[in-house]
Amino acid sequence: MPAAAAQSRPALEPQVLMSIRDLELRARVVVEGFWSGLHRSPYHGFSVEFTEYRQYTPGDDVRYLDWRVFARSDRYFLKRFEDETNLRCHLIVDQSRSMTYRSLDWTKAEYAATLAATLARLLDQQGDAVGLLTFDEGVREYLPPRHRSGHLRRLLLMLEQPATGRATNLLPPLRRVAEIVRKRGLMVVISDFLAPLDDLEQVLTQIAARGHELIVFQVLDPAEVTFELRGTTVFEDLESGRTLTVDPAATRKDYQRQLEAHCAQLALMCRRLGGTHIRLGTDQPLELALYDFLRSRLRAGRVIRRNVRASAGGRG
Amino acid sequence: MSFLAPLFLLGGAAVALPILFHLVRRTTRERTPFSSLMFLRPSPPRLSERSRLENLLLLLLRGLVVILLALGFARPFFNRSADQAPTPTPVRRVVLLIDQSASMQRGNLWSEARGKVRSVLRDLTSADQAAVLLFAGDVGPLVSFADWAAAPAGDRAGLVEGRLAATTPGWGATRLDQALIRAADLLTEEEALGAQREIVLISDLQEGSRLNWLQPYAWPEGVVLKVEPLEPPAGSNAGLAYAGELRTRGAAADRSVRVRVTNDGASRNEAFRLTWRDTDGNPVGEPVPLQAPPGQSRIVTLDLPDTSPLPRQIRLEGDDHPFDNTVHVLPPPVAETTVLYLGDDVPAVSRGSLFFLERAFQETPRQVIRLLPRKPDEPLSPGDLAEAVLIIATTILPPATQSAVEARVAAGGTALFVAPEAPAGPSSPPVGNARKYAMLAEIDFQHPLFAPFADPRFSDFTKIRFWQHRSLTEPEHSPSESDSPARVLARFDDQSPALIEAPQGRGRRLTLASGWNADDSTLALSTKFVPLLYSLVDLAGGAPAAASQYLIGDTLPLASFVSPAGTTLRLPDGSESVIDADAGDFTGTIRRGVYRLEGAGKPVEFAVNLDPAESRTAPLAVGELEAFGVREVADPARIVTNARREAQVQRGELEARQKLWRWLLAAAVGILLLETWLAGRAARRNPEPEPAMP
Chain A
-14 MPAAAAQSRP
-4 ALEPQVLMSI
6 RDLELRARVV
16 VEGFWSGLHR
26 SPYHGFSVEF
36 TEYRQYTPGD
46 DVRYLDWRVF
56 ARSDRYFLKR
66 FEDETNLRCH
76 LIVDQSRSMT
86 YRSLDWTKAE
96 YAATLAATLA
106 RLLDQQGDAV
116 GLLTFDEGVR
126 EYLPPRHRSG
136 HLRRLLLMLE
146 QPATGRATNL
156 LPPLRRVAEI
166 VRKRGLMVVI
176 SDFLAPLDDL
186 EQVLTQIAAR
196 GHELIVFQVL
206 DPAEVTFELR
216 GTTVFEDLES
226 GRTLTVDPAA
236 TRKDYQRQLE
246 AHCAQLALMC
256 RRLGGTHIRL
266 GTDQPLELAL
276 YDFLRSRLRA
286 GRVIRRNVRA
296 SAGGRG
Chain B
2 MSFLAPLFLL
12 GGAAVALPIL
22 FHLVRRTTRE
32 RTPFSSLMFL
42 RPSPPRLSER
52 SRLENLLLLL
62 LRGLVVILLA
72 LGFARPFFNR
82 SADQAPTPTP
92 VRRVVLLIDQ
102 SASMQRGNLW
112 SEARGKVRSV
122 LRDLTSADQA
132 AVLLFAGDVG
142 PLVSFADWAA
152 APAGDRAGLV
162 EGRLAATTPG
172 WGATRLDQAL
182 IRAADLLTEE
192 EALGAQREIV
202 LISDLQEGSR
212 LNWLQPYAWP
222 EGVVLKVEPL
232 EPPAGSNAGL
242 AYAGELRTRG
252 AAADRSVRVR
262 VTNDGASRNE
272 AFRLTWRDTD
282 GNPVGEPVPL
292 QAPPGQSRIV
302 TLDLPDTSPL
312 PRQIRLEGDD
322 HPFDNTVHVL
332 PPPVAETTVL
342 YLGDDVPAVS
352 RGSLFFLERA
362 FQETPRQVIR
372 LLPRKPDEPL
382 SPGDLAEAVL
392 IIATTILPPA
402 TQSAVEARVA
412 AGGTALFVAP
422 EAPAGPSSPP
432 VGNARKYAML
442 AEIDFQHPLF
452 APFADPRFSD
462 FTKIRFWQHR
472 SLTEPEHSPS
482 ESDSPARVLA
492 RFDDQSPALI
502 EAPQGRGRRL
512 TLASGWNADD
522 STLALSTKFV
532 PLLYSLVDLA
542 GGAPAAASQY
552 LIGDTLPLAS
562 FVSPAGTTLR
572 LPDGSESVID
582 ADAGDFTGTI
592 RRGVYRLEGA
602 GKPVEFAVNL
612 DPAESRTAPL
622 AVGELEAFGV
632 REVADPARIV
642 TNARREAQVQ
652 RGELEARQKL
662 WRWLLAAAVG
672 ILLLETWLAG
682 RAARRNPEPE
692 PAMP
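Quick note, the sequences are listed as chains A and B, same order. Heads up: the first sequence begins at -14 in our numbering, then just goes up one per residue. Heads up: the second sequence begins at 2 in our numbering, then just goes up one per residue.
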């Protein structure tokens, strides 16, 4: 499968990648590096043309009648083109202050934004409509999925907003998404998930019930995972400002245990709903994330195309 | 050690701040931001032993820096002033000046002055030396330093008060300058080491005090003046003074006297009345009202009443202080002189000499000159000749007249011969007429005739043109003539004599080379003619009599009136004083009134009045005395503040020399450096936890 395919060069180091200031450029670098790193595209042989037929009902547009099928079967069928079969993808990105933690040169928020931008670009190239919903303690901004020129630019701009939210609450955005989006699509949630998971399962079940596909990216900083701080420190919560005097050496084990339990719980929740949970460290290359992403898509039975022309509207 | 600005020591309380920070810091450390605290449990902090000790040392150093800074700002210095020992109160040498002028007669000023004297004497210790002077028009001692020292300590005040009780304020003017100078000289007479020299002035300090002698006087070092002002009595004062011109001759309308009424600036009274009084003080005639606004004076012309004898006093009514409200007036003595003119001219002819003579001799209130024009041919009456003190002859006299005139001159008269054109008899000096233009070139200004013209403003005789003159022979110095030789008083520019004076017997004879008629010269038309004639009359002995109005303190010129037989001067209070022939002038004018000299001949009277300056009773402006260089002691509080200020300056100078604050500041900086180094060392040993992981 694609992930196992040989790569001619090693994945781009996050230090190098994150030193690129422009988000769009970063996304482009990752995506094109990703494609060029694949020797063989597993996606040969797919048709670029229409994929499905739909039976004609009075009132449909007669432009899209397939006359060959009519000649063969004497029945009216409409062509369903790529854009009709295309995906509606929602990227749900956490922009709360907990994402601004960093122990490296870039914050989790920057990493998450790069990830989202990369996915958006990839999907857009495939001809899918990508939307964005940013949240912190509530919904911040929402960009409905479109496949238009300039839309990607707008999406990237939204991603570049600084993360200033005072709390992390996943429930409002997910609920909103569950309400708004009727058609089945893809839901990608990118967050650190350092928040109580109590009601989360209920909302995720709602989403899955609508038929959405769920992919969850958990972005964590390596320092958060290993907790290798020395000396008595007064810890200050980035979001609430609460302080706590902690001796890290004493509480490390306890902390790690709790963190792992939290992450495991989240993963279990996702799998039970048929989704995917991918845990990422900010020191890991983004291409790996892309691989995991695509693998999950293939598993879901989607068609992966490469370099689809991004023109909107149908063709005859 | 003392401090220049001790308030800064309060800044040392700021040392509490490092201590506070130290305590607070132990609980507060650097905060490490973390994404979420949901997995963290609180645990207490641990403090290592070494860090606690190091922190204490740093705290001490910081506290020390703060204290050193506070000390530096307080500017310490060592007060090593030499004269720390309290100085003993120095001995005082005091001169008390008591005002005895006429203005002290007002109200109860004199008793107030005595009270002040009493209080000043009370302040004196037995070691102090004192003298008391009374001053008015002149300064007289009441108690001298010697008297003071001679009297036993307890009796000194009593001595002064006793002598003072016997005196009363007089009528003199206030010569304050003279008194201060005398007192200052008295104090500086003896070298009094370490003694505080003081003049205590007890006076009403009126504006009319004379101060001009203080101008050139250099106030001596170390002498201070302490003024004890007296409370001015209630009420305002208006003064009366004689303003001259008592005319007794002439028409009735012209018979008047002028007096000046001066009203005090602070008075509320404007209406006054003047009345004539006779010698007993009873009013004569109706009072004359007048208005004088405050601060101004008015000169009033009072008509003389028609009574005879003429009243001598004028009194002012309407003000509160009567001491200066009486003025004694006497009609001035009129000198009557007779001048005999011998000449052919007719008075109406303006080209002649008589015309000018008649117009030159005008009547003045003090002098009446009677001109007797006679033709030389007429026989002279002996009465005329005897009366005339001056004889002027412009023609050749017949021998009889000539000898009569010469006899009169020898008896004491003066004769002016204007050399005629034609020669006279054989006894007259030969004359020759020079018809050429001449001017007066040399004039003997030493001679009393020309003495009034000695001033350069008046000494220009070149404007007088002489069309012709006779040549007079130079007087020879021959011992056979009379005792004093003849002199040439004036010469023409060709060196020929113009005026020759030749003493003859008891009189003198003057010969003029040219007349003043129009043919001879323009002398009669020049401005020098009339003064020259009057000067001639004075020379002849017809000078106006001495004035009759004097002020208290003036000397009366009795020399010309005393007779060898003895003269008695009657004083205003009725007493008499005998004046010797060689006594000279009388100086005892201490009282106002009419002084009458009785002796041979007519009695002569003098009126003596108060100095008008005494009427100006408003107090002197503050600082008036200081403006003349007198060093005054205004109030004791000022001395204290001055001493305090000097002490302050001294302290400032000491501190500026020692500059201890620099050392303190250097020490503070050094300790700061040490503390920084120590803190750095401590930080390096225990590296602070960094929020970013490498």
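Each residue gets a CB set at the ideal place from its N, CA and C atoms; glycine is no exception. Values in this document were obtained by computation on a predicted structure and should not be read as measured data.
So which residues on chain B does Phe318/A lean against when the C-beta distance must stay under 8 Å?
The first residue shown for chain A is -14 and the last is 301, placing residue 318/A beyond what the model contains.
Say whether the segment 260 to 274 of chain B touches the segment 283 to 297 of chain B, bearing in mind that this needs 3 or more beta-carbon pairs closer than 8 Å, one atom from each stretch.
Result yes; three or more Cβ-Cβ pairs closer than 8 Å.
In angstroms with no decimal places, state the Cα-to-Cα distance between Leu155/A and Glu186/A.
Distance between the alpha carbons of Leu155/A and Glu186/A is about 11 Å.
For Leu473/B, name the three-state secondary structure that DSSP assigns.
The answer is coil: DSSP assigns Leu473/B none of H, G, I, E or B.
Step through the CB atoms of chain B and report whether any lies within less than 8 Å of the CB of Ala235/A.
Interface residue, yes.
For Glu192/B, is the classification buried or exposed, using 16 other Cβ atoms within 10 angstroms of its Cβ as the cut-off for buried?
That one is exposed.
So with CB distances below 9 Å, who are the chain B contacts of Asp177/A?
The answer, in chain order, is Ser36 and Ser37.
Name the two residues that bound the continuous alpha helix (DSSP H) containing His136/A.
His136 to Leu144 is the extent of the alpha helix (DSSP H) around His136/A.
What did DSSP end up calling Thr236/A once you bin it into helix, strand or coil?
Reduced to three states, the DSSP call for Thr236/A is helix.
Note down the Cα distance separating Leu275/B from Trp220/B, rounded to an integer number of angstroms.
Between Leu275/B and Trp220/B, the C-alpha separation is close to 45 Å.
Of the choices Asp7/A, Glu9/A and Val14/A, whose alpha-carbon is the least far from that of Glu(-2)/A?
Ranking Asp7/A, Glu9/A and Val14/A by Cα distance to Glu(-2)/A puts Val14/A first.
Ordered along the chain, which non-local residues of its own chain (more than five positions away) have a Cβ less than 6 Å from that of Phe324/B?
Here the set comprises Ala103 and Gln106.
If I follow the unbroken beta strand (DSSP E) through Arg198/B, where does it start and stop?
Unbroken beta strand (DSSP E) run through Arg198/B: Gln197 to Ser204.
Report the start-end ranges of each alpha helix (DSSP H) in the segment 188 to 255 of chain A that is 4 residues or longer and not cut off at the edges.
As far as the segment 188 to 255 of chain A is concerned, its whole alpha helix (DSSP H) runs of at least 4 residues are 207 to 211.
Check whether the segment 280 to 289 of chain B and the segment 65 to 75 of chain B are in contact - that is, three or more C-beta pairs closer than 8 Å.
No: fewer than three Cβ pairs fall under 8 Å.
At the 8 Å Cβ level, is Ala680/B part of the contact set with chain A, yes or no?
No, because no Cβ of chain A sits closer than 8 Å to the Cβ of Ala680/B.
Put Ala608/B into one of helix, strand or coil per three-state DSSP.
Three-state result, Ala608/B: strand.
8 Å is my cut-off, CB to CB: does Phe220/A come that close to chain B?
Yes, contact with chain B.
Can you tell me the Cα-Cα spacing of Val489/B and Thr588/B, whole angstroms?
Roughly 41 Å between the two C-alpha positions.
Determine the burial state of Ala628/B: buried for a count of at least 16 other Cβ atoms within 10 Å of its Cβ, exposed for fewer.
It counts as exposed.
Taking Cβ positions only, does Ser44/B come closer than 8 Å to chain A?
Interface residue, yes.
So, for Phe74/B: in the same chain, excluding its five sequence neighbours on each side, which residues have a beta-carbon less than 8 Å away from its beta-carbon?
Once the five neighbours on either side are set aside, the close Cβ partners of Phe74/B are Ala6, Phe9, Gly12 and Trp662.
Could you name the residues of the same chain whose beta carbon sits closer than 7 Å to that of Ser32/A, not counting the 5 residues immediately before and after it, in chain order?
Interpretation of Ser32/A is limited by its pLDDT of 33, a score under 50 that renders its predicted location unreliable; no figure is taken from the coordinates.
Is the shortest distance between the beta-carbon of Phe22/B and the beta-carbons of chain A less than 8 Å?
So, not an interface residue.
Could you pull the DSSP bridge partners for Lys464/B from this structure?
Bridge partners of Lys464/B: none, in fact.
Kindly indicate which three-state DSSP category Thr149/A falls into: helix, strand or coil?
If DSSP states are grouped into helix, strand and coil, Thr149/A belongs with coil.
So Arg32/B contacts chain A; which residues on that side make the cut at Cβ distance below 9 Å?
Neighbours of Arg32/B on chain A, chain order: Thr218, Val219, Phe220, Glu221 and Thr228.
Three-state secondary structure (DSSP) at Pro1/B?
With chain B running from 2 to 695 in the structure shown, residue 1/B is simply not present.
Roughly how many angstroms lie between the CA atoms of Leu76/A and Leu117/A, to the nearest whole one?
Rounded to whole angstroms, Leu76/A to Leu117/A spans 5 Å at the Cα level.
For Ser3/B, which residues of its own chain have a beta-carbon under 8 Å away from its beta-carbon, when the five flanking residues on both sides are left out?
Pro77, Phe78, Phe79, Asn80 and Arg652.
Which residues in the same chain as Ala389/B place their Cβ atom closer than 8 Å to its Cβ, once the five residues preceding and following it in sequence are excluded?
So the list reads Thr339, Val340, Leu341, Leu373, Arg409 and Gly414, once near-sequence residues are dropped.
Return the chain-ordered list of same chain residues with a C-beta closer than 6 Å to the C-beta of Ala185/B, the five sequence neighbours on each side being excluded.
These residues qualify, in order along the chain: Pro221 and Val224.
Run through DSSP, which three-state label would Ser104/B get?
Three-state result, Ser104/B: helix.
Are the segment 185 to 202 of chain A and the segment 254 to 271 of chain A touching, with three or more C-beta to C-beta distances below 8 Å?
Touching, yes, given that three or more Cβ pairs across the two stretches are closer than 8 Å.
Taking only beta-carbon positions, decide if Phe4/B is within less than 8 Å of chain A.
No, Phe4/B lies away from the interface with chain A (no Cβ there is under 8 Å from its Cβ).
For the alpha helix (DSSP H) that Phe357/B lies in, which residues bound it at each end?
It spans Ser354 to Ala361 - the alpha helix (DSSP H) in which Phe357/B sits, taken as one unbroken run.
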